[in-house]
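The structure appears below as structure tokens.
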């Protein structure tokens, strides 16, 4: 019997996006080629995604760059996808970076293990004492607009738009990658001054419990998520970022069996998407 029609996937990516220290395009060229083994795949730029939604069974958002560079187009894409009931991967209800960085304030208030974060002048006194503080836009990415200050401060009228955090001294940063709620692999940067020079990391049971706590909090039914954390001088892990929109995967930094297992798990996730 002839095989039935294959699921079609619109892979949203910006192959020309220049990221510091890594090549997004290589990763999506690789993923596109591997997904074609099982799906009908077409690549498109994020600015074209809204217009192409009706032609595909699933829309997979990958390395499309920070959406702050095209907010109107991204808003139009989200509105059109919801209007059509499109299957978007990751789903559009993420509570992490997909919705801005308000979650850092909420998690900090709730006592989660995150870098202490406030977004209002009245709350600056809640921050621990630090030699230096970080101020950055709530709707930011790739360190755009980030600055360091000696005293915690927010400009007049900036309540709710900027985040203030103590500048944490840390041993290293570590990232945990998940497909759906299944842990796939971890990578870390042993040299804090070379944060994109990543090496495989063997997480402890406590490390995985830490990461899974945020995956559970986000409550996405499916998708790719990356939990980024820093290890303090005292050995504690603190959340830096919960990337649930288009997390870079650093697949070139993991061993081939790990990479193959990731591809297989992603294919399975796409196959099992609810109708």
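In the working numbering, the protein residues as written are 250 to 524. Even glycine gets a Cβ: it sits at the ideal position worked out from N, Cα and C.
Give the secondary structure of residue i by DSSP, where H, G and I count as helix, E and B as strand, and everything else as coil.
i           : result
residue 273 : helix
residue 316 : helix
residue 405 : coil
residue 441 : coil
residue 386 : strand
residue 431 : strand
residue 331 : helix
residue 399 : coil
residue 264 : coil
residue 421 : strand
residue 449 : strand
residue 364 : coil
residue 480 : strand
residue 498 : coil
residue 283 : helix
Excluding five sequence neighbours on each side, which residues of the same chain lie with their C-beta closer than 6 Å to the C-beta of residue i?
i           : result
residue 381 : 397, 416
residue 401 : 373, 376, 382, 413
residue 430 : 464
residue 271 : 445
residue 322 : 296
Considering only residues of the same chain and omitting the five flanking positions on each side of residue i, which have a CB-CB separation below 8 Å?
i           : result
residue 504 : 449
residue 251 : Any answer about residue 251 is weak, because its pLDDT of 49 lies below 50 and its placement is not dependable; what the coordinates show is given next. Answer for residue 251: no residue qualifies.
residue 289 : 255, 256, 257, 258
residue 330 : 299, 302, 308, 337, 341
Looking at the unbroken alpha helix (DSSP H) that takes in residue i, where does it start and where does it end?
i           : result
residue 353 : 351-358
residue 507 : 505-520
residue 456 : 454-467
residue 300 : 298-301
Does at least one heavy atom of the ligand GTP sit under 7 Å from the Cβ of residue i?
i           : result
residue 359 : Ligands displayed in this structure: none; no statement on the ligand GTP is therefore possible.
With 8 Å as the threshold, decide whether the Cβ of residue i is near any Cβ in chain C.
i           : result
residue 350 : No chain C appears in this structure, which consists of one protein chain only.
If you drop the 5 nearest sequence neighbours on each side, which residues of the same chain put their C-beta closer than 7 Å to that of residue i?
i           : result
residue 447 : 436, 437, 438, 499, 502
residue 507 : 434
residue 311 : 260, 261, 262, 277, 280, 495
What are the boundary residues of the beta strand (DSSP E) that residue i is part of?
i           : result
residue 492 : 486-492
residue 415 : 411-415
| For the 8 Å Cβ check, are there 3 or more pairs between the segment 339-350 and the segment 486-494? | yes
| message | Under 8 Å: do the segment 366-382 and the segment 406-424 share three or more Cβ pairs, one atom per stretch? | response | yes
| Cβ contact check for the segment 454-465 and the segment 308-321: 3 or more pairs under 8 Å | no
| query | Do the segment 328-342 and the segment 277-292 meet, that is, are 3 or more Cβ pairs less than 8 Å apart? | reply | no
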